[in-house]
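All remarks here apply to the structure that follows.
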Amino acid sequence: MTDPDPVATARAEGRTTLTEAEGKRLLADAGVETPAFEVCSSADAAVAAAEAVGFPVVVKVASPAVTHKSEWAGGAGVALDLRSPGAVAAAVERVFEAADERGIAADVLVESAVETSEGTEVIVGGLRDPSFGPVVLAGLGGVFTELFADTSHRVAPVSRAEARGAIEELQAAP
0 MTDPDPVATA RAEGRTTLTE AEGKRLLADA GVETPAFEVC SSADAAVAAA
50 EAVGFPVVVK VASPAVTHKS EWAGGAGVAL DLRSPGAVAA AVERVFEAAD
100 ERGIAADVLV ESAVETSEGT EVIVGGLRDP SFGPVVLAGL GGVFTELFAD
150 TSHRVAPVSR AEARGAIEEL QAAP
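See below:
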């Protein structure tokens, strides 16, 4: 893990939300498999990262200022199924141009593309409730998170059975 404590870093920067890379690093440290990824600050570095993780890749805006990447900047925040260095470089340039236009600092996250034809995008999150303490959220993810508000909450720590129960009570549950 590059950042020894992403939570402390976020707090020191006055943030209440982790970046995607910070969250993935915490998940990986906890033993949860995540796609190979690298955060890059130039098109050349992004192309090298794509070649290192292997095509196809996904390029995403990486900035604490951007939470919903697929909706940001008219869709410039996410580019899927990139299969060549040129496609990666073009996607990175779109992200950097959109960030400049909006006056925000941004890098890009380059990660291995994952086949998702057989699955559902989910959101898993955590927060500290003033009354209950640490709470875990699970729900339908992606653009559907706000659209359907199909989420379930459990007070942490969460057992495997409680996690399954949270998932099974979702309207989108299989």
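The sequence shown: position 106 = 105 (numbering that gives the first Met the number 0), numbered continuously. Each residue gets a CB set at the ideal place from its N, CA and C atoms; glycine is no exception.
Problem set entry | Contact belief for Val-107 with Ala-72 at Cβ below 8 Å, rounded distance in angstroms | So it is not a contact: roughly 13 Å between Cβ atoms.
For this session: Could you please give me the residues that DSSP links to Lys-59 through a beta bridge?
Result: When beta bridges are read from the DSSP output, Lys-59 appears opposite Val-77 and Leu-108.
For this session: Return helix, strand or coil for Ala-64, following the three-state DSSP convention.
Result: The three-state secondary structure of Ala-64, taken from DSSP, is coil.
Exercise. Taking buried to mean at least 16 other C-beta atoms within 10 Å of its own C-beta, is Pro-5 buried or exposed?
Worked result: Label assigned to Pro-5: buried.
Problem set entry | Burial state of Arg-10, where buried means 16 or more other Cβ atoms lie within 10 Å | Looking at its Cβ environment, which holds fewer than 16 other Cβ atoms inside 10 Å, Arg-10 is exposed.
For this session: Compare the Cα-Cα distances from Thr-66 to each of Ala-7, Ser-83 and Gly-124 and report the closest residue.
Result: Measuring C-alpha to C-alpha distances from Thr-66 to each of Ala-7, Ser-83 and Gly-124 identifies Gly-124 as the nearest.
Problem set entry | Val-142: first and last residue of the uninterrupted beta strand (DSSP E) it sits in | According to the DSSP assignment, Val-142 belongs to no beta strand (DSSP E), since it is labelled neither H nor E.
Exercise. If you draw a straight line from the alpha carbon of Ala-21 to that of Ala-64, how long is it in whole angstroms?
Worked result: Just to set this straight, residue 21 is Glu in the shown sequence, not Ala. Rounded to the nearest whole angstrom, the CA to CA distance from Glu-21 to Ala-64 is 14 Å.
For this session: Use the C-beta contact count for Phe-147: other C-beta atoms within 10 angstroms, 16 or more gives buried, fewer gives exposed.
Result: Per the 10 Å Cβ criterion, exposed.
Problem set entry | Rounded separation between Cys-17 and Phe-131 - CA only | The question names Cys, but residue 17 is Leu in the sequence shown. Distance between the alpha carbons of Leu-17 and Phe-131: 21 Å.
Problem set entry | Delimiting residues of the beta strand (DSSP E) encompassing Phe-54 | In the DSSP annotation of this structure, Phe-54 is not part of any beta strand (DSSP E), being labelled neither H nor E.
For this session: Mind checking who Glu-37 pairs with in its DSSP beta bridge?
Result: Answer by DSSP bridge pairing, in chain order: Val-109.
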